[in-house]
Structure formats: C-alpha cells, structure tokens
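Participant: Counting from 40, one number per residue, gives the positions in the sequence shown under the numbering used here.
Using N, Cα and C, we set each Cβ at its ideal position, and we do this for glycine too.
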Amino acid sequence: MSGDGLHQVTPPSAVVLDERKYPVVFAEPTWGQIFSHFRTEDYKLIGAAVGVGAPWGYLIGYKHHLPRQSAWFGVFMFGTAALAHTTQRVAARLLGVLPNDEEVKATGTEIKGK
40 MSGDGLHQVT PPSAVVLDER KYPVVFAEPT WGQIFSHFRT EDYKLIGAAV GVGAPWGYLI
100 GYKHHLPRQS AWFGVFMFGT AALAHTTQRV AARLLGVLPN DEEVKATGTE IKGK
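1. Just to confirm, are Pro-62 and Ala-130 a CB contact at a threshold of 7 Å?
2. Should Val-64 be labelled buried (16 or more other beta-carbon atoms within 10 Å of its own) or exposed?
3. What are the start and end residues of each continuous alpha helix (DSSP H) run of 4 or more residues lying completely inside the region 85-147, in chain order?
4. Do the CB positions of Arg-128 and Glu-142 come within less than 7 Å of each other?
5. For Tyr-97, which residues of its own chain have a beta-carbon under 8 Å away from its beta-carbon, when the five flanking residues on both sides are left out?
6. Pick helix, strand or coil for Tyr-82, following the three-state DSSP scheme.
7. Indicate the three-state DSSP secondary structure (helix, strand or coil) for Phe-74 in the structure shown.
8. On the criterion of 16 or more Cβ atoms from any shown chain inside 10 Å, does Leu-45 qualify as buried, or is it exposed?
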C-alpha cells in the first residue's frame, strides 16, 4: 500500500473446493469481465427486483406517511441485492462453477478433453 491514501478495490474471488465441472473462462475475472458477461436473464432479474422493490417500499411507507421515500428505498435495497446476486452468479459462471456454455462460445475458450 502506497502512502498516497489510494486503495484499490479488487473484484470478488472464490476458492473452489470441488473440481470444476465446466470450463474456466477466466481464472480471476475482473469487474469489467463480470459486467460484460451479464446475460439477458441477469438484467431481467435486476429489473424484476426493482419492480418489486418500488411497490413494496411504497406500501410499507404509506402507513408512515413516507410512501415516495420508502418506494425509493425499496428500489435501491432490492436493486442492490439483485445486482450483488447477479454479480456473484456471473463470476461463478466465469470461474466454471455454474453452466457457462454462452460464455465459452463468446470467448472461444478451449474445452479440455474435447
């Protein structure tokens, strides 16, 4: 760590204890690689979470006379949770822990044993 006060944020890493069942696309994926491999279903999950979070927050805040603020809180809370979940799933696909046929085709990763 340098004395200039700057810190580097590192992307999530994983220790895989079992043998990976799928090809490893990136052994240590960066944030850019993770976000660039989001699928349509990942964006749908985030959108659905935001869509559920807004009315949930509105209904919770309505009885406290803060429906608008609570709706925004629901959007941010549900959206952040969905983004974290999606980021973890994409990283697992890139690490070969989850099925990753689309990522293998997109990057041209060589499948061992074939």
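Facilitator: Taking the definition as stated:
1. no
2. buried
3. 106-133, 140-146
4. no
5. Pro-106, Arg-107, Ser-109, Ala-110, Gly-113
6. helix
7. helix
8. Per the 10 Å Cβ criterion, exposed.
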